[in-house]
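Here's the structure we're looking at; comments come further down.
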Amino acid sequence: MSKDKEILEGLADKEYEHGFVTDVEQEFIPKGLNEDIIRLISAKKQEPEWMLEFRLDAFRRWQKMPLPQWAHLDIPEIDFQDIIYYAAPKKDEDRPKEIDPELEKTFDKLGIPLHERAALAGVAVDAVFDSVSVTTTFRAALAEKGIIFCSFSEAVREHPDLVKKYLASVVPVGDNFYAALNSAVFSDGSFCYIPKGVRCPMELSSYFRINAAGTGQFERTLIVADEGSYVSYMEGCTAPMRDENQLHAAVVEIIVEKDAEVKYSTVQNWYPGDAQGKGGIFNFVTKRGICKGSGSHLSWTQVETGSAITWKYPSTILKGDNSSSEFYSVAVTNNMQQADTGTKMIHIGRNTRSRIISKGISAGRSQNSYRGLVKMLPGADNARNYSQCDSLLIGDRCGAHTFPYIENANNTAIVEHEATTSKISEDQLFYCNQRGIGPEEAVGLIVNGYAREVLSKLPMEFAVEAQKLLQVSLEGSVG
Amino acid sequence: MNELNVSAGSVLHKVYRDVGGVPERIVVEKDAKADIVILALPGTSCDMKIDVELVGEGAEANLYGVYVCDGNEKVKMAVDMYHKVPHCRSRQLFKGMAGGESRVDFYGKIIVAQDAQRTEAYQENHNLLLSDKARIDTKPQLEIYADDVKCSHGATIGRLNEDEQFYMRSRGISLEDAKVLQMISFIAPVLENVKDDAQRESLLSEYESNIRNIIRNM
Chain A
706 MSKDKEILEG LADKEYEHGF VTDVEQEFIP KGLNEDIIRL ISAKKQEPEW
756 MLEFRLDAFR RWQKMPLPQW AHLDIPEIDF QDIIYYAAPK KDEDRPKEID
806 PELEKTFDKL GIPLHERAAL AGVAVDAVFD SVSVTTTFRA ALAEKGIIFC
856 SFSEAVREHP DLVKKYLASV VPVGDNFYAA LNSAVFSDGS FCYIPKGVRC
906 PMELSSYFRI NAAGTGQFER TLIVADEGSY VSYMEGCTAP MRDENQLHAA
956 VVEIIVEKDA EVKYSTVQNW YPGDAQGKGG IFNFVTKRGI CKGSGSHLSW
1006 TQVETGSAIT WKYPSTILKG DNSSSEFYSV AVTNNMQQAD TGTKMIHIGR
1056 NTRSRIISKG ISAGRSQNSY RGLVKMLPGA DNARNYSQCD SLLIGDRCGA
1106 HTFPYIENAN NTAIVEHEAT TSKISEDQLF YCNQRGIGPE EAVGLIVNGY
1156 AREVLSKLPM EFAVEAQKLL QVSLEGSVG
Chain B
353 MNELNVSAGS VLHKVYRDVG GVPERIVVEK DAKADIVILA LPGTSCDMKI
403 DVELVGEGAE ANLYGVYVCD GNEKVKMAVD MYHKVPHCRS RQLFKGMAGG
453 ESRVDFYGKI IVAQDAQRTE AYQENHNLLL SDKARIDTKP QLEIYADDVK
503 CSHGATIGRL NEDEQFYMRS RGISLEDAKV LQMISFIAPV LENVKDDAQR
553 ESLLSEYESN IRNIIRNM
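Going down the list, the sequences are from chains A and B.
In terms of our numbering, the first sequence opens at residue 706 and continues consecutively.
In terms of our numbering, the second sequence opens at residue 353 and continues consecutively.
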C-alpha cells in the first residue's frame, strides 16, 4: 500500500503545464465595479444603446442579490471591487488586422491553432484572450452554409436581431448572483447560429485563456440551433499559475429548436492552485439549454479537472414533447480543490427523456460534490429519467458527497437515481499488479475505466486530451 | 427531546405504528444493534425527523419505513445517519405510495465522518405515484469524509409495471388483484422486518385491505 501512496502523491505533484504568462502589452480599465465601469466596457466594445441598458439593468439587480450560500463549498470572501473587469491585448496600430505574434505563439503552445490549417480542418476555433476574442477561424467556410460563428461582440453589432431574440431567454438576467454579474460585465465569448436543416460540417470550439493578473473573465456564449440542425461544440480553458484567486463567471445559453441536436463538450482545466490551496481560479458558471421544439436533443459532456473552486450545473429544460437530454460528467479534484457540480433536468413536455451519468473522483484533501435536480412537472406524461452518480475516493482526507433532488408530480413519469461511493478496490489493484502492471499504471487504468462511459462521449479531438488530463490531475494521489 | 439509547452489546427491535412516537435521536453504542420499523398508514400525516448516531465500533442500525397515502396526507420523513466511528453498518429502506392529493417528502442523509473507515451504509427509497394530483419529492444524500467505505443510495419514483400486470392477467388474475399483488409485494420487503409473526401477519392484512380500498377508488 505504501508504494501506492507514493504513486498517488507523485500524481498530485505533477506541475500544471499551462501555467505560463504571455508577455503582451495590454490595456486595462480601472479596478472596481460601478455604473461608470459598465458604461466604459460597453463603450470599449462599441455597443448599441440596448446592450448598455441590458447591462445596467443586470447590474442594478445584482446589487440587490445575496451571495449564494447553499453549495457544499468553503468560498473565501470575494471583493468584487478589487477585480479588473476588462483587459485586452493592445492592437498594433500599424497592422490592426493582424494577430499579435505573441498571442499566436501562446495559443500554439496551448495546442490551439489560430491559422486555418489543412491538418486541423475539422475544428473551427474562437479564441478568447482575457476580455476579447482574438480571432475566429473558418468563418468563410461556415458562412457558405449560412452558419454564423463569431465573437459575441461582433454578433451584437452584426446580428442584433438574433442576439436580442435569444439573449437571456434561457438564463434570465436575475437568475442567480453570478449570472447577474455576468450579464452586467460580460466581455467576450462566442456566438453561434446554425440555420434550419444545416448539419455543421466541423466541430466548433471556443478556447478561453485568462492571462492578465488581477482580472476576472466573464464570457458569454450563445448557441442557437434552428429546426433540424446539428452542431457539436467544444470548450476549453486554461490560465497562468498565480498566488491570487481569479474569478471566472461565465454564462452559456443554448437554444435547441424542433428536431435539432446540440452536443456541448467542455474540458475545464483552469489553474487549480498549488498543493497548499494557494491561488487558482474560482469557476462559477451558469450553463443552461432549452430543448424548445419537439424531438430536440441536447447533450452535455464535461471533464472538470481544474479550478480551485467549481460551482457549475449545466442544465436542460425539456420543453418540447419527445425531447431528450444527457449529462455526462467526470469531475476530478485533488489537493485543496473543491467542486460542487451536477445538473438539472426539468421535464415539461410529454415523453421527454433524460439521462445523467456523473463520475466524481476526489483525492488529496479535496471535496467533490454532485448536486442535481430532476423535476417532473404535471404535464410531463411518460417522462423518464435515469441518474447514476458514482464517487471514487483516493486517500483518507478527501470527501465525496452526493446531493440529488428528485421531484415528481406526474404519475406516469418514472425517475430512477442511484449513487455509490467507494475507493479503488485492493482486489482490482492486486489483479493488475499480479499481471505485471505497476500500481501507478493500474490506478490510471482503473480510473480511466471508471470514467470511460463519459470519456467515450467526447469528440475525438478532446478525448485524448481528457484522458491525459485525468492521469495528470491524479498524479501523486494513489494511496 | 424523545431520545433512545441502545447500550453497548444490546439489541433493540421496535415497531412504531404511530410515527409521532418515533424518537428524534437514536444513539447506538459499541456492538449494539437497532432495528426500527416505522409504519405510516393511510390517513396519517407526519413530520418525522430522526438523527441516528453510531458512536461505538461494531454498531449497526437498520431503519425500515413504509407509507401509504390515498387522501390529502402530508408525509415528511427525514433521517440523518451519522457514522462517527469505524466499522459500523447501517441500512435504510423506505418504501411508499402516494395517491389522492397527498404529498410525500423524503430526505435521508448518510454522513460518514473522517476516519470512520470500513463503514458500510446503504439507503433506498422507492415510491409509487398513484394519482396525477399527488406529488413525491425525494432527497437522498451522501456526505462522505472517509475513503475505505462502501456507501450507496438509490431512489426511484415510478408507477406500477404494466408488463407485470399483463403477465398476471394473461394467467387469469383480474387487473384489480394484479395491482393488489404488485402493491403488496412492493411494501413487503419493509414489513418482513417486523419480527413478531402474528404482528406481521395482521399488519399485512391491514395494508392489504387499505390497498384494496385505494385501488377501488382509483
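Backbone N, C-alpha and C define an ideal beta-carbon position, used for all residues, glycine too.
Compute the Euclidean distance between the alpha carbons of residue i and residue j, then round it to the nearest angstrom.
{"i": "Ile-567 (chain B)", "j": "Leu-512 (chain B)", "result": "12 Å"}
{"i": "Met-1081 (chain A)", "j": "Ser-1034 (chain A)", "result": "22 Å"}
{"i": "Asn-354 (chain B)", "j": "Gly-448 (chain B)", "result": "25 Å"}
{"i": "Asn-988 (chain A)", "j": "Leu-952 (chain A)", "result": "6 Å"}
{"i": "Gly-1149 (chain A)", "j": "Gln-1176 (chain A)", "result": "6 Å"}
{"i": "Val-334 (chain B)", "j": "Asp-549 (chain B)", "result": "This structure does not reach residue 334 (chain B), given that chain B is present from 353 up to 570, and the question cannot be answered."}
{"i": "Pro-794 (chain A)", "j": "Val-837 (chain A)", "result": "8 Å"}
{"i": "Gly-407 (chain B)", "j": "Lys-436 (chain B)", "result": "First, the residue type needs correcting, since residue 407 (chain B) is Val and not Gly in the sequence shown. Answer to the nearest angstrom: the Cα atoms are 6 Å apart."}
{"i": "Ile-463 (chain B)", "j": "Arg-443 (chain B)", "result": "13 Å"}
{"i": "Asp-709 (chain A)", "j": "Leu-1179 (chain A)", "result": "The pLDDT assigned to Asp-709 (chain A) is 49, lower than 50, so where the model puts this residue is not dependable; a value taken from the coordinates is nonetheless given after this. The alpha-carbon atoms of Asp-709 (chain A) and Leu-1179 (chain A) are separated by roughly 12 Å."}
{"i": "Val-371 (chain B)", "j": "Val-380 (chain B)", "result": "20 Å"}
{"i": "Leu-1023 (chain A)", "j": "Asp-515 (chain B)", "result": "27 Å"}
{"i": "Cys-1137 (chain A)", "j": "Glu-1131 (chain A)", "result": "10 Å"}
{"i": "Glu-1145 (chain A)", "j": "Ile-1151 (chain A)", "result": "10 Å"}
{"i": "Ala-1118 (chain A)", "j": "Met-429 (chain B)", "result": "22 Å"}
{"i": "Lys-810 (chain A)", "j": "Pro-735 (chain A)", "result": "28 Å"}
{"i": "Asn-545 (chain B)", "j": "Phe-446 (chain B)", "result": "12 Å"}
{"i": "Phe-538 (chain B)", "j": "Tyr-559 (chain B)", "result": "11 Å"}
{"i": "Leu-778 (chain A)", "j": "Pro-818 (chain A)", "result": "36 Å"}
{"i": "Gln-1139 (chain A)", "j": "Gln-1133 (chain A)", "result": "10 Å"}
{"i": "Arg-1058 (chain A)", "j": "Thr-1046 (chain A)", "result": "21 Å"}
{"i": "Ala-848 (chain A)", "j": "Cys-905 (chain A)", "result": "11 Å"}
{"i": "Ala-824 (chain A)", "j": "Ile-928 (chain A)", "result": "Summary for Ala-824 (chain A): the model assigns pLDDT 46, below 50, so the residue's position carries little reliability; its value from the coordinates is reported in the next sentence. About 26 Å."}
{"i": "Ala-540 (chain B)", "j": "Leu-556 (chain B)", "result": "8 Å"}
{"i": "Ile-536 (chain B)", "j": "Lys-366 (chain B)", "result": "22 Å"}
{"i": "Gly-1104 (chain A)", "j": "Gln-1043 (chain A)", "result": "10 Å"}
State the beta-bridge partners of residue i as determined by DSSP.
{"i": "Cys-996 (chain A)", "result": "A:Val-961, A:Leu-1023"}
{"i": "Cys-421 (chain B)", "result": "B:Ala-450"}
{"i": "Phe-854 (chain A)", "result": "A:Cys-897"}
{"i": "Tyr-368 (chain B)", "result": "B:Ile-390"}
{"i": "Ser-1161 (chain A)", "result": "Note: Ser-1161 (chain A) sits in no beta bridge, so no partner."}
{"i": "Tyr-434 (chain B)", "result": "B:Glu-405, B:Ile-463"}
{"i": "Ala-829 (chain A)", "result": "A:Leu-909"}
{"i": "Lys-426 (chain B)", "result": "B:Arg-455"}
{"i": "Phe-1196 (chain A)", "result": "Lying outside 706 to 1184, the shown extent of chain A, residue 1196 (chain A) is not represented and no answer is given."}
{"i": "Ala-507 (chain B)", "result": "A:His-1122, B:Asn-477"}
{"i": "Lys-502 (chain B)", "result": "B:Glu-472"}
{"i": "Gly-941 (chain A)", "result": "A:Tyr-912, A:Val-972"}
{"i": "Lys-1049 (chain A)", "result": "A:Ser-1020, A:Leu-1078"}
{"i": "Met-1041 (chain A)", "result": "According to DSSP, which records beta bridges pairwise, Met-1041 (chain A) is partnered with nothing at all."}
{"i": "Cys-440 (chain B)", "result": "Answer is none; Cys-440 (chain B) lacks a bridge partner."}
{"i": "Thr-841 (chain A)", "result": "A:Asp-831"}
{"i": "Arg-487 (chain B)", "result": "B:Arg-455"}
{"i": "Arg-904 (chain A)", "result": "A:Tyr-935"}
Can you name the residues of chain C whose CB is closer than 8 Å to the CB of residue i?
{"i": "Ile-1119 (chain A)", "result": "No chain C is part of this structure, whose protein chains are labelled A and B."}
- Message: Ignoring anything shorter than 4 residues, give me the alpha helix (DSSP H) runs that lie fully in the region 751 to 801 of chain A, in order along the chain.
- Response: With a minimum length of 4 residues, the continuous alpha helix (DSSP H) runs that stay inside the region 751 to 801 of chain A are 754 to 768.
Discussion item. Against chain A, which members of the region 479 to 492 of chain B pass a CB distance test of less than 9 Å?
Written reply: Cβ contacts with chain A come from Asn-479, Leu-480, Leu-481, Leu-482, Ser-483, Asp-484, Lys-485, Ala-486, Arg-487, Ile-488, Asp-489, Thr-490, Lys-491, Pro-492.
Checklist entry - Enumerated in chain order, which unbroken segments of the alpha helix (DSSP H) with a length of 4 residues or greater are wholly contained in the region 1060 to 1141 of chain A? => result The region 1060 to 1141 of chain A contains these whole alpha helix (DSSP H) runs: 1131 to 1139.
Practice task
Spell out a yes or no on whether the region 470 to 478 of chain B and the region 499 to 519 of chain B are touching, meaning 3 or more CB-CB pairs, one atom from each, closer than 8 Å.
Solution key: Contact holds: three or more Cβ-Cβ distances are below 8 Å.
Practice item. Would you be able to state if there are at least three C-beta pairs under 8 Å between the region 1071 to 1087 of chain A and the region 1043 to 1059 of chain A? Key: Three or more beta-carbon pairs drawn from the region 1043 to 1059 of chain A and the region 1071 to 1087 of chain A are found closer than 8 Å, and the two stretches are therefore classed as touching.
Stretch pair the region 477 to 497 of chain B + the region 515 to 526 of chain B: three plus CB contacts closer than 8 Å: Inter-segment contact for the region 477 to 497 of chain B and the region 515 to 526 of chain B is absent: fewer than three beta-carbon pairs are separated by less than 8 Å.
When Cβ atoms are compared, which residues of the region 1099 to 1115 of chain A fall closer than 8 Å to chain B?
Going along the region 1099 to 1115 of chain A in chain order, one finds Ile-1099, Gly-1100, Asp-1101, Arg-1102, Cys-1103, Gly-1104, Ala-1105, His-1106, Thr-1107, Phe-1108, Pro-1109, Tyr-1110, Ile-1111, Glu-1112, Asn-1113, Ala-1114, Asn-1115 with a Cβ nearer than 8 Å to chain B.
Item to check | Where the region 1071 to 1086 of chain A meets chain B: residues whose CB sits under 7 Å from a CB there | outcome: Listed by position, the residues of the region 1071 to 1086 of chain A near chain B (Cβ gap below 7 Å) are Pro-1083.
Of all the residues that make up the region 500 to 514 of chain B, which are near chain A by a beta-carbon distance shorter than 9 Å? Correct list: Asp-500, Val-501, Lys-502, Cys-503, Ser-504, His-505, Gly-506, Ala-507, Thr-508, Ile-509, Gly-510, Arg-511.
If the cut-off is 8 Å on Cβ atoms, which residues from the region 402 to 427 of chain B count as contacting chain A, listed in chain order? Within the region 402 to 427 of chain B, no residue has a Cβ lying closer than 8 Å to any Cβ of chain A.
Notebook entry, point to check: Do the region 406 to 413 of chain B and the region 384 to 391 of chain B make contact, defined as three or more Cβ pairs closer than 8 Å?
Noted result: Yes, the region 406 to 413 of chain B is in contact with the region 384 to 391 of chain B.
For the pair the region 893 to 901 of chain A and the region 810 to 817 of chain A, tell me if three or more CB-CB distances fall below 8 Å.
No, the region 893 to 901 of chain A is not in contact with the region 810 to 817 of chain A.
Between the region 1115 to 1128 of chain A and the region 1091 to 1107 of chain A, do at least 3 Cβ pairs fall closer than 8 Å? Note that the region 1115 to 1128 of chain A touches the region 1091 to 1107 of chain A; at least 3 beta-carbon pairs, one per stretch, sit closer than 8 Å.
- Message: I want to know whether the region 968 to 975 of chain A touches the region 999 to 1009 of chain A - three or more CB-CB distances under 8 Å.
- Response: Output reads yes: the region 999 to 1009 of chain A touches the region 968 to 975 of chain A.
Q) Taking Cβ-Cβ distances below 7 Å as the criterion, which residues of the region 1127 to 1144 of chain A are in contact with chain B? A) Within the region 1127 to 1144 of chain A, those residues whose Cβ lies closer than 7 Å to any Cβ of chain B are, in chain order, Ser-1127, Lys-1128.
Original post:
Is the number of C-beta pairs between the region 977 to 996 of chain A and the region 852 to 864 of chain A that are closer than 8 Å three or more?
Top reply: Counting Cβ pairs under 8 Å, fewer than three are found: no touch.
Exercise. When the Cβ atoms of the region 924 to 937 of chain A are set against those of the region 957 to 966 of chain A, are three or more pairs found closer than 8 Å?
Worked result: Between the region 924 to 937 of chain A and the region 957 to 966 of chain A, the count of Cβ pairs shorter than 8 Å is three or higher; the stretches touch.
| request: Say whether the region 837 to 847 of chain A touches the region 942 to 951 of chain A, bearing in mind that this needs 3 or more beta-carbon pairs closer than 8 Å, one atom from each stretch. | output: Touching, no.
Contact the region 901 to 915 of chain A vs the region 865 to 881 of chain A: 3+ CB pairs below 8 Å
Short answer: they don't touch.
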